[in-house]
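> Numbering (the working numbering), first residue to last: 308 to 436. Note that CB positions come from ideal geometry on N, CA and C, so glycine has one too.
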Ligand SMILES: [Zn+2]
């Protein structure tokens, strides 16, 4: 078993990945929502400094734990090797504890660290002059 903090951290990076892949995509019709598990694992190792030294198998194990959890919470569907996310992820910062949250549209607006519901866009949008 992995320590909870390691699993939570992994979930944060995975949400970051889903966010980044769809970041420049404002059109839900063009949402990239199908991912292969092995592609996700390889992408994390290749693009995230945090997981650069990880073995593929360890990433896969963590991925399976976190994906099961996210499926229970209605964020995605696991179909064998294929993952389908329900919506894009929005990046929001908690105004209370400053934690950066990546939230699916299927989740309530609530900080995953302190449960405050006072979240704002991150980075904060500049006011138009
Ligand atoms: Zn918070």
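Near residue 381, what residues of its chain come up, given a Cβ to Cβ distance below 6 angstroms and the 5 sequence neighbours on each side ignored?
In the chain shown, the residue the question calls residue 381 occupies position 74. The answer, listed in chain order, is 413.
> Could you check if residue 315 belongs to the surroundings of ligand 1, using beta carbon to heavy atom distance under 8 angstroms?
Reading the chain shown from its first residue, position 8 is the one you call residue 315. Flag unset: Cβ of residue 315 not near ligand 1.
> So, with DSSP's three-state summary, where would you put residue 343?
Here residue 343 refers to the residue found at position 36 of the chain shown. Correct three-state label for residue 343: strand.
> Are the Cβ atoms of residue 401 and residue 371 separated by less than 9 angstroms?
Locating residue 401 in the chain shown gives position 94, counting from the first residue. Locating residue 371 in the chain shown gives position 64, counting from the first residue. No. Outside cutoff.
> Would you decide whether residue 308 is buried or exposed? Buried here means 16 or more other CB atoms lie within 10 Å of its CB.
Mapped onto the chain shown, residue 308 falls at position 1. Result: exposed.
> Going straight from the alpha carbon of residue 390 to that of residue 416, what length do you get?
Here residue 390 refers to the residue found at position 83 of the chain shown. Here residue 416 refers to the residue found at position 109 of the chain shown. Using only the alpha carbons, I get a separation of about 23 angstroms.
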